[in-house]
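When we follow the working numbering, the leftmost residue of the sequence shown carries the number 555, and every step to the right adds one.
Virtual Cβ for every residue (Gly too), placed ideally from N, Cα, C.
Structure, as structure tokens:
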Amino acid sequence: MQRLQDTDGPFSLPQLSKLLFATNGVTAMAISGGQKMFFRAAPSAGALYPTDLYLVVRGHADLSDGVYYYHVRDHALIEVYPEGLGPDGDELFRRLAAACFDDKGVAGARVAIVATSVFWRSSWRYGDRAYRRCLLDTGHVLGNFDIIAPKLGLCTFAVGGFVDQEVAELIATPEDKEGVLGVFPLFELGDFERVEPGPSARASSDVEPTPKDDAILSIHDASAIRRNTADSATGPQSSSEDFMLNPKYAFASGTKLKTSELNLNEQIELAILRRRSTRTLSGEPITLTELSDLLGFAYRADLRLPPEQQPRYFDTTLLETFVVVNNVEGLEPGVYYFAPSFMELLSVRPGSVQHEIFHLSLGQELARDASAVIVHTGDLDAATKKFGSRAYRYLHLDAGHIGQRLNVGAIRLELGVSGIGGFFDDEVNALLKIPAQELCVYITCLGKPAS
């Protein structure tokens, strides 16, 4: 076990220490029933924390070539391979790049993060619905990762298309308990222009999955990519393709959102450390400017940040966003479609729906007392045509990622915020006036915290 120390240095062990800590480290502790409870930088349904991170390194000044498991509670790196038994650094990255379809970004990296989910940590409580929560939780972690990396002089790229079994074998994870969800090569910001990343997403293999006793493992296996059977479908290569406007709302009257001069990215790392899910909201209004600033930070990082510092999603063209307004100064109550590319809210259903949003969120008072509720949706049929069963992963990982930007941005604005993963699916569709093949992916409640 090699301990992580927090001192300064470019791409050094201390820098990686800060990166891992702010991404998924323990940021608070509480005593309950005589037992210690540890809370991490990224939120998790039921505080069950299924997401794990692995570090793959070569040619590093402070670490031997190899694969390391990030032990969250001890804030330590544990070597996966016993000394002398694992592949050397160049072989590690050759195999990792090969598993990612010879992705040049992966092949050229000297450090990479692999994100996984240990499904049983959530499934004992949430049953089959745990897979959705595991994906959202990993999305939260990726949200932190994308926020903190540029602060440390680093940039990354998302790789969602990989041969699942090959990456799992490389980092020595048991596929009957844990699933690989993403690969993220790391570079210094100054190297951004020379890196040639491959596509951020690929389709799952069109083959019959292997029958499994565990429902979640079966779902995950159905979305796997297998060697020599991968589809050619890929995600967007530039941020200009992100958040496309659905033509069915293109002619609705809209409210143009204007952000203030406040740069939420400043001191945002402190907001990550302070973030806690809000338990109760007051029902008091937030301002239209606060809502605009938050939506701009969550969806339009390109308005403030250069390309090398922008978030790395898998394929946000699969997602759409609605804003349910309960109490926002300068905005009439109702349901709005949010067009991020234009920073515009388009009216879908005027009038208060506070009672409906309370009911469909399983009677959670957070939704009733929120000033605004952000709802992420996706057309599952269209997404599946593009990416097969793997689309379900990308939808929830990206929604969790955006949700975490909403979380951290809200804390930066001194607002209350909490995600909701439990809701009545059909009632959400009815409220938003969307067809049955579209699904609600995630809900985030925003407002003033109750005193």
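{"query": "Can you tell me whether DSSP reads His614 as helix, strand or coil?", "result": "coil"}
{"query": "Among Ala576, Thr931 and Cys999, whose alpha-carbon lies nearest the alpha-carbon of Ala990?", "result": "Thr931"}
{"query": "Over the uninterrupted beta strand (DSSP E) stretch that includes Asp935, give me the two end residues.", "result": "Careful: Asp935 lies outside any beta strand (DSSP E), inside the alpha helix (DSSP H) at Leu934 to Phe941."}
{"query": "Under DSSP, the beta strand (DSSP E) around Glu919 begins and ends at which residues?", "result": "Looking at the DSSP string, Glu919 is not in any beta strand (DSSP E); the run it does join, the alpha helix (DSSP H), is Glu919 to Asp923."}
{"query": "Under three-state DSSP, which class holds Ser792?", "result": "Any answer about Ser792 is weak, because its pLDDT of 45 lies below 50 and its placement is not dependable; what the coordinates show is given next. Coil at Ser792, not helix or strand."}
{"query": "On the premise that Trp674 lies in contact with Lys731, defined as a C-beta separation below 8 angstroms, what is that separation, rounded to the nearest angstrom?", "result": "6 angstroms"}
{"query": "Go ahead and label Gln918 buried or exposed: buried means 16 or more other beta carbons lie within 10 angstroms of its beta carbon, across all protein chains shown.", "result": "buried"}
{"query": "To which residues of the same chain is Thr764 closer than 8 angstroms at the C-beta, ignoring the five residues directly before and after it?", "result": "Asp775"}
{"query": "Specify whether the segment 904-911 and the segment 874-893 touch according to this definition: at least 3 beta carbon pairs, one from each stretch, less than 8 angstroms apart.", "result": "yes"}
{"query": "Do Leu650 and Leu724 have their beta-carbon atoms positioned less than 8 angstroms apart in this structure?", "result": "yes"}
{"query": "Give me the residue from Gly957, Arg664 and Arg781 with the minimum Cα distance to Ile974.", "result": "Gly957"}
{"query": "Could you give the distance in angstroms between the alpha-carbon of Tyr891 and the alpha-carbon of Leu857?", "result": "20 angstroms"}
{"query": "Do you know offhand how far Phe738's Cα is from Pro904's?", "result": "42 angstroms"}
{"query": "Can you tell me where the beta strand (DSSP E) holding Glu633 begins and where it ends?", "result": "Ala630 to Glu633"}
{"query": "With burial defined as no fewer than 16 other Cβ atoms inside 10 Å of the residue's Cβ, what is the status of Thr783: buried or exposed?", "result": "exposed"}
{"query": "Report all residues from its chain with a CB closer than 8 angstroms to the CB of Leu985; omit the five preceding and five following residues, and keep chain order.", "result": "Val878, Val889, Arg903, Val907, Glu910, Ile911 and Leu914"}
{"query": "Between which residues of its own chain and Arg687 is the CB-CB distance below 6 angstroms, once the five residues before and five after are set aside?", "result": "Ala599, Ser676, Tyr680 and Gly975"}
{"query": "Going by beta carbon distance, what residues of the same chain come within less than 7 angstroms of Arg557, once the five residues before and after it are set aside?", "result": "Caution is warranted here: a pLDDT of 49 is assigned to Arg557, below 50, making its placement in the model unreliable, and the coordinate value is therefore given only provisionally. Excluding positions up to five away in sequence, the list reads Ala630."}
{"query": "Verify whether the separation of the beta carbon atoms of Arg959 and Ala852 is less than 8 angstroms.", "result": "yes"}
{"query": "Check Ile585 in the structure and name its three-state DSSP category.", "result": "strand"}
{"query": "Do you know whose CA, among Asp979, Ser814, Phe592 and Ala1004, lies nearest Ile997's CA?", "result": "Asp979"}
{"query": "Quick check: the segment 821-838 against the segment 574-581, are there 3 or more CB pairs under 8 angstroms?", "result": "yes"}
{"query": "From this set, Met591, Ser925, Cys994 and Gly715, which residue's C-alpha is nearest Thr834's C-alpha?", "result": "Ser925"}
{"query": "Would you mind stating whether Glu720 and Ala666 have Cβ atoms separated by less than 8 angstroms?", "result": "no"}
{"query": "Give me the Cβ distance between Ser836 and Ser972, rounded to the nearest whole Å; I'm assuming they're in contact under 8 angstroms.", "result": "At roughly 13 angstroms, the Cβ-Cβ gap does not stay under 8 angstroms, so Ser836 and Ser972 are not in contact."}
{"query": "Have a look at Gly662 and Pro636 and give me their C-alpha separation to the nearest angstrom.", "result": "25 angstroms"}
{"query": "Assign Lys810 to one of three DSSP states: helix, strand, or coil.", "result": "strand"}
{"query": "Which residues bound the beta strand (DSSP E) around Tyr867?", "result": "Where Tyr867 is concerned, there is no enclosing beta strand (DSSP E), given that its DSSP letter is neither H nor E."}
{"query": "How is Arg854 classed by DSSP in three states: helix, strand or coil?", "result": "coil"}
{"query": "Are the Cβ atoms of Leu873 and Gly963 separated by less than 8 angstroms?", "result": "no"}
{"query": "Over the uninterrupted beta strand (DSSP E) stretch that includes Ser1005, give me the two end residues.", "result": "It is not in any beta strand (DSSP E) - Ser1005 carries neither H nor E in the DSSP assignment."}
{"query": "My parser needs the beta strand (DSSP E) runs of 3 or more residues fully inside the segment 696-771; what are they?", "result": "708-710 and 732-742"}
{"query": "Per DSSP, which one or two residues make a beta bridge with Ala669?", "result": "Leu607 and Gly736"}
{"query": "Leu845 to Lys1002, Cα distance in whole Å?", "result": "12 angstroms"}
{"query": "Mind checking who Gly957 pairs with in its DSSP beta bridge?", "result": "Paired residues: none, contrary to the question."}
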